[in-house]
Amino acid sequence: MSSDPPIDDVTDDDIEVTHSKAWAAGVPGVLHSMEPAITQMGARRGMRALLSMNQKDGFDCMSCAWPDPGQRKAFEFCENGAKAVTWEATPITIPTTFWAEHSLADLREKSEYWLGMQGRLIEPVYKPAGNDHYRPVSWAEAFRVIAAKLNGLDSPNQAAFYTSGRASNEAAFAYQLFARAYGTNNLPDCSNMCHESTGWGMGQTVGIGKSTISYDDFAKSDLIIIMGQNPGTNHPRMLTALEEAKDAGAQIVAVNPLPEAGLRRYKNPQRVRGIIGHGTDMADQFLQIRIGGDMALLQAVSKRVLDADAAAPGTVLDQAFLDEHCHGLAELRQHLSQLDERMVLAATGLRAAQIDELAQRYLNADRVIITWAMGLTQQKKGVETIKEIINLLLLRGNIGKPGAGASPIRGHSNVQGDRTMGIWEQMPPAFLDALQAEFGFDPPRAHGVDSVDGVRAMRDGKMKVWMGLGGNFVAAMSDTGIAEAAMARTEMSVQISTKLNRSHAVTGEEALILPTLGRTEIDEQASGEQFVSVEDSVCAVHPSWGKLTPVAPNLLSEVAIVSRLASAVLGERVTVDWAGFEANYDRIRDHIAHVVGGCENYNERIRQDGGFVLPNGPRDSRTFTTPTGKAMLTTNTLEHLEVPPGRLVLQTLRSHDQFNTTIYGLDDRYRGIKKGRHVVFINKKDLIALGFADGDLVDVHSEFSDNVDRVLRGYRLVAYPTPRGCAAAYYPEANVLVPLDSVADGSNTPVSKAVIIRLERSKV
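Heads up, the sequence shown is in full-length UniProt numbering, so the first residue is 1 and it goes up one at a time.
Here is the structure:
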């Protein structure tokens, strides 16, 4: 169905600031889950969607990559998952008249929230060069226009094929096959902007950039250290696993700049004590660390572990594990013996006694999990920080045994699966060799561009076509002004999407939007109803079946779009049965089984109860595919982020009413913000020291070596318990402050967690 847009655009004129919350979920979480689904989708469609989410015969939630327990509950979803489903499965559709009524100039004036609330995209649209409006076109015309542009480029490397982590394994495999058959490894993806530091740090130390634990390990752990993440908002179902761990006797330590509600107390709405009782106190110790201080903290704890071993040799370290499986202990011991405690305290903002307490908790625990997210990976020393996590775990053998290991928590639901399927600009030779053997063409071997280098290439006129399989690249990317100007320099931009976002308004000379089925919707093809598969944060691969009637008959699945586009562009240049891919996804999975390691007999195993788990050497057998064949203890040089006088260091973060760049609403109830997003959280003492007051309007300027003036205007200061000298603002709006050239060493990830800012009284 279609209807008028449900909202007018919004401003922050009515913003309300109240107190932050001391607990997460509970009855309010249930109400905030159910009410939008029922009112916006209708009772029948809404309940069918919610009760199908994360079930073995249902669809995988698109709002995060948190793993599913073996025993599912009827309500196996969280508040943000319910919002994600409501946002995607809405029956409101964008009418054909919309495109004549709204120019691109008009759409660029709209907020991300307004764009997303206009409804589902249901017909292909095309913006010709020199025109400021999209117009509806047929699928055949859309594919013809794209094929003509791609086939007219001087080099395949003038095109890039971006991927969002919501794409299924089947769509991702077909997409990377298309790009490589076309002739390029330009396959940037959202992982470049989030967990790339994890991949590099873990890959170089344990040989695999994935979690070394299973879901069940949480309940077997003695100590869980949560670093740089906010489970209550970003992956709320994690709180249930943490509660189960607490019930089994685990201790939890939270290391985070902000005192997030979900790290304090959890009211599980599926338990009586979570509805009418106190709930579960979560963190036994909360370390409110300064932004960028995590690496210093980890080194300090490792030094205390080594010092304890020196004081009582043979009683502290897992020496047998270190001797058999690890390399570099002597070098690490020597390196940390020189650690400057004063620098540690300055970098972390903690007291020595707090670090001592954490070290003692670690020493007292036999099984330890360290889990983290983008609070660590988006730092300048993100790769080295992950290596320090591995150092600490290895010292006491906390990898490859039950209840222990490294646990990066991914954001996008299938960003890990996309990488497994080949979505990476630097896939290793073994994968490319397997692709060649399977399909009979020689894939390009030169590395392609990642997200940051892709923007540079567009900016410099070297990238002519940018295609996105899902996502909202210009909003998700750092340095918004440069990213948007770069996109505008391309000759064509193409977006495969379910709903409108900023990347549809900031385009190349020509632009197309290709509307696709959502994961919630039934996918009927020539051979019958199809399912897709995804990989979660613990390497478990499982099927996902759409359960809802599609909102419009003209929609194509992601697999169908990629297959038809590849056929239109490549013709007979490669021997790939693209039509067969679209007709029956089993044919794609048969190829995956031959190309992707660990995916043998894919079609058989994916149909097993709950799917299957990919092999993981560190977890399964304590084997490490590093150059030495052992896990690597590494030495990393500590650098303290110096902040000039009168400046603050800012991190970007999500509100509770959003998933990545998708804005579901304008409230962040856990932090006490309602009806607005243009705020900067700052310590009350810093407000006074800088001559401001709570509620003042300021312009926020970032400072970087290139001397470019990047600014957010008219933001409200909110007194908040941040560490002294630290501030926070919402992503993606604050991306304008993150310089393109401010990237993590080694991984090229934008440094969104260490932006030096100055505040000036607002000029608006």
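For each residue, glycine too, the CB sits at the ideal point set by N, CA and C.
Beyond the five residues adjoining it in sequence on each side, A566 comes within less than 6 Å, by CB distance, of F178, W578 in the same chain, given in chain order. In the structure shown, the three-state DSSP call for Q229 is coil. Annotation: W424 to A552 spans about 33 Å, alpha carbon to alpha carbon. With the rule of 3 Cβ pairs closer than 8 Å, the region 536-549 does not count as touching the region 142-154. With distances taken between CA atoms, T749 lies nearest to D479 out of R619, D479, I682, E600. In this structure, the alpha-carbon of V743 lies about 32 Å from that of L514. Excluding five sequence positions before and after W466, the CB atoms of its chain that fall closer than 8 Å to its own CB belong to A159, A160, Y162, G454, M458, F473, M487, T490, M492, S493, V494, G508, given in chain order.
Boundaries around E535 are those of the beta strand (DSSP E), 532-535, since no alpha helix (DSSP H) includes it. Going by C-alpha positions, N735 is about 10 Å away from V711.
With contacts defined by Cβ atoms closer than 8 Å, E196 and M295 do not form a contacting pair.
If you draw a straight line from the Cα of D340 to the Cα of L287, it is about 20 Å long. In this structure, the beta-carbon distance from M227 to V206 does not fall below 8 Å. Unbroken alpha helix (DSSP H) runs of no fewer than 4 residues, entirely contained in the region 513-595, are found at 558-570, 578-583, 585-595, following chain order.
In the displayed model, T652 falls within a strand according to three-state DSSP. Residue burial is scored here from C-beta neighbours: H591 has at least 16 other C-beta atoms within 10 angstroms and is therefore classed as buried. In this structure T371 does not touch C194 by the C-beta definition: roughly 15 Å separates them, more than the 8 Å allowed. Annotation for S191: no beta strand (DSSP E) segment contains it, and DSSP assigns it neither H nor E. Of G403, P124, A353, L322, the smallest CA-CA separation from V301 is found for A353. The shortest CA-to-CA distance from T280 to any of V576, P257, A250, N636 is the one to A250. The residues K380, K381, in chain order, have a CB closer than 8 Å to that of E639 in the same chain once the five nearest residues on each side in sequence are set aside. With the rule of 3 Cβ pairs closer than 8 Å, the region 218-233 does not count as touching the region 683-695. For D699, the enclosing beta strand (DSSP E) starts and ends at 697-702. Counting only runs of at least 4 residues, the region 124-204 fully encloses the following alpha helix (DSSP H) elements, listed from N- to C-terminal order: 139-151, 169-182.
Counting every other CB atom within 10 Å of its CB across the protein chains shown gives R342 a total below 16, marking it as exposed.
Here Q530 is buried. Its C-beta has 16 or more other C-beta atoms within 10 Å.
In the structure shown, I208 adopts coil according to DSSP, grouped into three states. The C-beta distance from L317 to R396 rounds to 6 Å, short enough to meet the 8 Å contact threshold.
Every alpha helix (DSSP H) of 4 residues or more that sits fully in the region 254-325 is shown, in chain order, as 272-275, 294-311, 319-325. For the pair L500 and L104, the CB atoms are not nearer than the 8 Å cut-off. Remark: three or more beta-carbon pairs, one from each stretch, lie closer than 8 Å, so the region 620-640 and the region 319-329 are flagged as touching.
Contact between the region 401-412 and the region 430-439 is absent: fewer than 3 CB-CB pairs across the two stretches fall below 8 Å. Comparing alpha carbon positions, the residue from H102, T90, Y126, V137 closest to M117 is T90. Under the DSSP assignment, P408 falls outside any alpha helix (DSSP H), being part of the beta strand (DSSP E) whose first and last residues are 405-408. The region 700-709 and the region 724-740 touch, with no fewer than 3 CB-CB distances between them shorter than 8 Å. Non-local beta-carbon contacts of R419 in its own chain, meaning distances under 7 Å to residues more than five positions away in sequence, involve S191 in chain order. Just measuring C-alpha positions, the residue of L555, N636, W23 sitting nearest G277 is W23.
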